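Each remark here refers to the structure printed beneath this line.
Here you go:
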């Protein structure tokens with residue numbers, strides 16, 4: 001089986017990631033629950049790893065798929081894991097750990113699964129490198145074993161554990177419970193923003209939505225200002241140099257998007273401005289300090305994406321419902337396309353308008369709906 005790549009995705013965003021993968025020119029694209037599998041368009045796997053990490057906006061991380069096979073016993077898991085070509089990826093000084101998960105599998109003990117895979121990989125590398133003990137002083141390689149209905153999928157994480165693709169590098173600080181950058185990019189993609197229409201976020205918080213909008217408008221690769229775990233692997237440095245040069249050349253320096261953002265908190269606005277400066281897009285976002293109820297639309301039409309605050313206490317719930325009603329009064333008479341993400345199941349009632357479309361998403365661990373008004 002040829003080695004392919006996997007872009008992992010949050011629940012409900014698989015189709016968004018698939019579209020991004022397709023737009024990058026990759027082939028053999030397969031959309032599955034929580035992930036999108038694909039292969040290089042030109043046969044250069046290293047180039048595909050670099051470009052996928054640099055450019056995918058809505059994916060969580062990029063994995064190299066080393067192997068996939070049925071495993072109903074620990075002996076199966078050991079022998080089939082050992083048969084894979086780990087030596088093609090992990091050098092003699094490589095430092096590797098194993099993470100795992102098991103869903104509806106007879107091999108339900110994740111610690112045991114991880115231990116078996118670790119032993120199998122060590123045994124394979126011992127045979128290859130003719131050593132009994134590994135120093136593990138080199139680059140990090142995180143092996144992931146995922147068991148689903150007795151089918152084992154083994155991968156190596158190219159992005160970096162604890163350093164997912166949402167960590168663009170521009171959000172030094174954030175407001176409480178900020179939206180992930182990858183989720184923000186997906187919401188913008190679902191709104192079909194192309195950099196031409198005005199954009200507005202009346203509840204911007206630390207600025208993630210307007211900043212991601214600006215990155216899209218200027219065609220700035222989201223991973224351009226950060227590093228990845230696989231940069232210390234055996235991937236030629238020229239591959240990364242060429243991929244980054246291509247990304248810099250693709251930036252639309254002449255783009256002048258119309259992007260406005262506002263928040264009721266002055267601290268949040270100042271933080272959003274600082275984050276926009278770190279992202280290099282502060283020149284194309286206009287920030288306002290004002291409550292959403294006093295929104296002044298920057299043009300006759302455009303795209304608005306709103307991540308309003310919501311409450312769990314009775315008083316906070318009433319405040320949220322009042323805000324939804326005020327937003328409805330502001331946007332309903334206009335020609336703006338409005339998108340609202342909220343866990344409030346009664347949002348439409350407060351907003352006083354039924355959405356043309358609704359999409360279930362998970363914002364972090366919170367189940368939400370993405371209400372769409374065209």
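Numbering (my numbering), first residue to last: 1 to 374.
All residues carry an ideal CB built from backbone N, CA and C; glycine is no exception.
Note that the coordinates shown come from a computational prediction; the quantities given were computed from them, not determined experimentally.
Boundaries of the alpha helix (DSSP H) around residue 210: 208-217. Contact between the region 88-96 and the region 183-200 is not established, with fewer than three Cβ pairs separated by less than 8 angstroms. The continuous beta strand (DSSP E) containing residue 261 extends over residues 259-263. Counting only residues of its own chain and dropping the five nearest sequence neighbours on each side, residue 28 has a CB closer than 8 angstroms to the CB of 4, 37, 38, 39. Here DSSP, grouped into helix, strand and coil, assigns residue 99 to strand.
Counting other Cβ atoms within 10 Å of its Cβ, residue 35 reaches 16 or more and is therefore classed as buried.
Note that the region 210-230 does not touch the region 116-131; fewer than 3 beta-carbon pairs, one per stretch, sit closer than 8 angstroms. One alpha carbon belongs to residue 55, the other to residue 106, and they sit about 38 angstroms apart.
Less than 9 angstroms separates the beta-carbon of residue 62 from that of residue 49.
Counting along the chain, residue 132 sits inside no beta strand (DSSP E), nor does DSSP assign it H or E at all.
Under the DSSP definition of a beta bridge, residue 340 partners with 306, 371. By the criterion of a C-beta distance shorter than 6 angstroms, residue 290 is surrounded in its chain by 262, once the five residues flanking it on both sides are discounted.
Per DSSP, the unbroken beta strand (DSSP E) holding residue 65 starts and ends at 61-70.
The three-state reading of DSSP puts residue 49 in helix, counting H, G and I together. C-alpha of residue 325 to C-alpha of residue 295: approximately 13 angstroms in a straight line. Each residue's CA atom was taken as its position, placing residue 332 and residue 301 some 12 angstroms apart.
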